[in-house]
Every structure is written in C-alpha cells, then in structure tokens.
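To keep things clear, I will list the structure first and then write my remarks on it.
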Amino acid sequence: MSDLASRCSISSTKLLDSNGAHEEDPLIRPSVVAPRPNHDELEDSSKPSLDKLVLYFMVIHFLLAFCQIILVAPLLRLFENSICLAHYNFPAGGVQESICKIPEIQAPLATIRGWKSTLDTIPVFLVAIPLGRTGDRYGRRKILALSLIGVAGSLVEIFIVCAFPRIFSLRLVWLSSLLLLCGGGLNSASAFMSHAFYYIFSAFYVAELIASFIAAVTMNISPWLPSFLALGSVVLGIILLWIVPKPPKSKKDGSMADGQDEASHLTRGSEERQLTSEETGKYSLLDDLKAVAAISNVLLVIPVFLVGIFRYTTLDVLIQYASNRFGLKISIGAIFYTETAALNIVLFLFLIPQGTEYLRKKHNVLSERMDLFLARSSVILMCLGSLAIGLAPLGKLLPFGVAVFATGFGSRVSALSLVSYWIPDGSKATMYAAITVLESLGHAIGDPAMQQIFASSLKLPPFWHAMPFFFAAVGGSLFSSNYV
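When the count follows this note's numbering, it moves up by one through the sequence shown with no breaks and lands on 485 for the last residue.
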C-alpha cells in the first residue's frame, strides 16, 4: 500500500472548512473549534451540526489511516512467508521467520514490494483529478465509497494469493492494482478528506499510533489477524459513509441535490465559486495549472513534496532492513511506526501549535514565516535522521535515528500551508489534486528505486545494506538544496 500521510492525503480545502477558516489560513494552528452552523443559513435547526459531520469524517479518516498502517508489517511477513515456502519447497511444518533472512529470499521480496507500490500509484494518475472534479459536482461521499470498495477488492485479491502460495505466484499480487482503478485506492480516498481541519489530519497520527501497536502485538499470533482487521476497517468505513447524516440545506439554494458535496456547502465561498464555474463554463483545469505554475514560490516548494515521499518509503524499507541486518522480528519492526506516530502527535497536537501561537502573540511573527521555518527545519531533520538510521551499528540504536527522522515529518504540512498563501482561491482544489498526482509520481519512481537499492545492497557487506538510507539522505538534500 502506498503512502497515505501522501499518504495522509491532500484534498480540496472546500471540505469541512468553516468557522471563518479561510482557505488562505495556515494549516498548522493551535486549535480549531467547529461551531454550530449559522441558523440564518439553515432551513431546519434539527439538521446535523457541523460538529457531528466533523466527527464522522474524523472517524472515516481514522479508519483509512488504520487500514494503511496496520497492513505494512503483516503484508511484509505474508509476502516473505510465501517466497520462503517456495524457496524451501513447501516443507510440511511450514518455515520459521528466522530462516527467511537470506538474500535469495529478501532480494525478490524487495523487488515485488517495490513494483507493487509503483503499480498502486498508476490508478491515482488515471483517476485522481477526474474523480476529484466528479466528487465536487456529484458528491464526495459517493466517490469516497467507490474508492473504499476498490480497496476492499484489492485486499481480498492479495489475501487469496498469499493464502495459497502453492497455487499462486506472489507476483500475482500485482494484479490487485487493477482493482484500485475503482476509485483510485487509499491515496485517492484520503484525497477527499480535508486538511483545513487540522484535527482531522491529526487523526492519521492517532490511527498510526494505535494501528502499529496492534500490528506488533497481533502479528505474534498470526499476520492474518491484523490483515483482516485492515479489511474490516475498510468495510466499516463504507458502512459509515452510508449512514453519515446528510448536510443541512441552505436557504440560498432552497434545496440541495443529493449528489452535492456533503460538507463544502457549508462554505458559502465554495458554493459561489462552484456556481460561477458551472454557469460561465470558463473553468479550465489546464488554465488553473498554468496559473499556479506561473507562481515562482510554488515551484520552489515542489521539491519539498518530492522529498516527503521518502518518509514512509524509508520506514517500509526500515522494517525489512532491521529484520535482515539485525535479526529483529518483523512484528518488532512495526514499533518504529508507533514511535513515529507518538512523536508526531506530541509535535503537531501540542508543541508546534502552542509554540507558533506564542510566537504569533508575543513577537508578532507572521504565520507564513513560521511555516517556512518549519518546512526548512523538517527537511533537514528528515535527512539527518535517515543518515543516522543508516550509520547505526546496532539495532538498539535505530530508535534514535527514527526519532530524528520522525521530527521531519512536518515538511509536507508546512509546505501545504505555504502553498495556501500563494495560490488563488479558485485554483486551490486543482493545485492540491496536482500535488497528489506529483507525489504519486514520486512514489512510482522512488519506491521501487529504494527497494531495488536495498535488494542490490544485500550482495555487499552488512554496512552497505543501509544504502537506501544514505540515498534518502543525499537525495533529500540535493532535491531541496535550493529551497532550504
């Protein structure tokens, strides 16, 4: 499964953006309080409040992130076990994880995982922007449900291949990517969730913390247990989308079409832009992209999004690397995700919001300046953390490198906040969709590259098994050198 924090998802800030929170406001802010809808704009006060809608979308966002994170370690173990069984000619008693850490198994494992990640990004290229525009017109809830149905079908196909290794070659898991054309997969699904409400975005880190811990515990029983929990979270998400209350009707429109966006109607500006584009017929995706590309500051920030793809790609490689070089069980490697999530919860829910609020009030520091500093600092910390992971001579020192690496995860959020200052309101939805496609392109190239580098390094002395992390540190520095 590909990255959701890209992998945590870009969306149009039209979704759930209210309480005077304009689209040009910074994404990182100390608190977001969702008020009751303005009664002057509602026909019926008995309609669901914005608080309730936010809660529903927080739960759905949590389930998407839960599915993505809890699958990482179990799928790695299932893939490894399938190759290992075939390598040892399917012994009657199965195989122990410890005897699967040989280059003849780990190299093809890395190759299959890398190309699987690439194939998963192709549906994003094909359907992300078209579905985003369709969702704006007919309702994001329907498009999100379509994405989750595709994800569920893809998981079922993977599980069938892994459950019958005597019958199916592991490479057949690549076919599961075809099913992601139904909605675009988790990346496209999460793209319909909003970054405007920061606490909805933070639900990803809470899910990461819980899911990675559950994966680490349940994998000691069976990797199938967390795998089925992931599938169950997708099914539950589909059910929630079915029962989520319909939004209140606006007096301005009199009534709302069943397919209209479930939350963007709460922002009057979003309605006016949508009506204007439909009535004049002048809206052009190409024109929006050209307008954004003409902004030099936006072009300078693009490398930050490309560097950001190394976040979860590096963690994915780290679990296999730690298992292969230091003999750690894959279930223990899942704890690295728990560590990352815990640090990011502390940073993004407490330290950064409080710190930025203090600087804003006491020293009148502009939000844009603080976002720029955070983005630059995050890129540097991510590169230093990747280098520290690669240089760690002992498995017990890996958590230190992971801690430094995790503190750099804010680069993407800060970069999004900067972009929101510079692009016009009418182009923001298109810009966010374009960033999703750009990051997917980065994953399509970066994920197999990292996995292939790791597979090739297995033929070298143990120190050089860390080549993917050296590559991430150097590559990240070069990509963002002009920006930093």
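Glycine included, C-beta positions come from ideal geometry on N, C-alpha and C.
| field | Three-state class that DSSP yields for asparagine 365 in the structure shown | value | Three-state DSSP puts asparagine 365 in coil, outside helix and strand.
| field | Cα-Cα separation, glycine 21 to isoleucine 303 | value | Its pLDDT being 42, under 50, glycine 21 is placed unreliably by the model, and nothing is read from it.
| message | Classify glutamine 107: buried if its beta carbon has 16 or more other beta carbons within 10 angstroms, exposed otherwise. | response | Glutamine 107 sits buried, since 16 or more C-beta atoms from the chains shown fall within 10 Å of its C-beta.
| For serine 83, which residues from the same chain have a beta carbon less than 6 Å from its beta carbon, with the 5 sequence-adjacent residues on both sides left out? | Answer for serine 83: Cys163, Pro166, Leu171, listed in chain order.
| Cβ contact check for the stretch 467-479 and the stretch 306-326: 3 or more pairs under 8 Å | Yes, they touch.
| query | Between Phe214, Ser332, Tyr338, Ala376, which lies nearest to alanine 407 when the distance is taken from Cα to Cα? | reply | The shortest Cα separation from alanine 407 among Phe214, Ser332, Tyr338, Ala376 belongs to Tyr338.
| field | valine 305 versus leucine 439 - alpha carbon distance | value | In this structure, the straight-line span from the alpha carbon of valine 305 to that of leucine 439 is close to 11 Å.
| request: Go ahead and label serine 178 buried or exposed: buried means 16 or more other beta carbons lie within 10 angstroms of its beta carbon, across all protein chains shown. | output: Buried: at least 16 other Cβ atoms inside 10 Å.
| field | Close-in-space but distant-in-sequence residues of the same chain around threonine 119 (CB under 7 Å, 5 per side omitted) | value | Ala445, Asp448, Pro449, listed in sequence order.
| field | Burial state of lysine 362 (16 or more Cβ within 10 Å) | value | That one is exposed.
| request: Give me the Cα-Cα distance between glycine 411 and arginine 370, rounded to the nearest whole angstrom. | output: Cα to Cα, the separation comes out at about 15 Å.
| Is lysine 96 helix, strand or coil by DSSP? | Residue identity differs from the one stated: residue 96 is valine in this sequence, not lysine. It is coil, neither helix nor strand.
| query | How would you write the range of the alpha helix (DSSP H) that tyrosine 322 sits in, first residue to last? | reply | Here the alpha helix (DSSP H) through tyrosine 322 covers 311-327.
| Local Cβ density within 10 Å of leucine 461, reported as buried at 16 or more and exposed below that | The residue in question, leucine 461, is exposed, as its Cβ has fewer than 16 Cβ neighbours within 10 Å.
| Cβ of proline 124 within 7 Å of Cβ of leucine 64? | By the CB criterion at 7 Å, proline 124 and leucine 64 fall outside the cutoff.
| field | 7 Å Cβ shell around isoleucine 454 - same chain, five flanking residues per side excluded | value | Answer for isoleucine 454: Met468, Pro469, Phe472, listed in chain order.
| Cα-Cα separation, serine 441 to threonine 122 | Distance from the CA of serine 441 to the CA of threonine 122, rounded to the nearest whole angstrom, comes to 6 Å.
| said: Out of Val152, Ile100, Ile353, which one is the CA nearest neighbour of asparagine 325? | reply: The shortest Cα separation from asparagine 325 among Val152, Ile100, Ile353 belongs to Ile100.
| said: Considering only the alpha carbon of each residue, which of Pro92, Glu81, Phe126, Val128 lies closest to leucine 110? | reply: For leucine 110, the closest alpha carbon among the candidates Pro92, Glu81, Phe126, Val128 is that of Glu81.
| query | How is the alpha helix (DSSP H) around alanine 404 delimited, first residue to last? | reply | Looking at the DSSP string, the run of the alpha helix (DSSP H) that includes alanine 404 is 399-407.
| message | As an exercise, report each continuous beta strand (DSSP E) stretch of at least 3 residues that is fully enclosed by the stretch 153-177, in chain order. | response | With a minimum length of 3 residues, no continuous beta strand (DSSP E) run stays inside the stretch 153-177.
| said: The alpha helix (DSSP H) that contains isoleucine 222, what's its start and end? | reply: For isoleucine 222, there is no enclosing alpha helix (DSSP H), since its DSSP letter is neither H nor E.
| task | Assuming glycine 402 contacts serine 379 (C-beta within less than 8 Å), just tell me the rounded distance between them. | result | Glycine 402 to serine 379, Cβ: 16 Å. No contact.
| Do you know offhand how far proline 87's Cα is from glycine 443's? | The residue asked about is misnamed: residue 87 is alanine in this sequence, not proline. Distance between the alpha carbons of alanine 87 and glycine 443 is about 32 Å.
| Looking at the unbroken alpha helix (DSSP H) that takes in tyrosine 338, where does it start and where does it end? | Start and end: 336-347.
| query | Using DSSP with H/G/I as helix, E/B as strand and the rest coil, what is glycine 411? | reply | Assigned with DSSP and collapsed to three states, glycine 411 falls in coil, not helix or strand.
| Under 7 Å between C-beta atoms of serine 421 and alanine 376 | With contacts defined by Cβ atoms closer than 7 Å, serine 421 and alanine 376 do not form a contacting pair.
| valine 128: which of Pro92, Asn365, Leu180 sits nearest, CA to CA? | The option with the nearest alpha carbon to valine 128 is Leu180.
| Classification of asparagine 345 by the beta-carbon crowding that lies within 10 angstroms, buried from 16 upward | So asparagine 345 ends up on the buried side.
| field | Cβ-based burial, glutamate 105 [other Cβ within 10 Å; buried from 16] | value | So glutamate 105 ends up on the exposed side.
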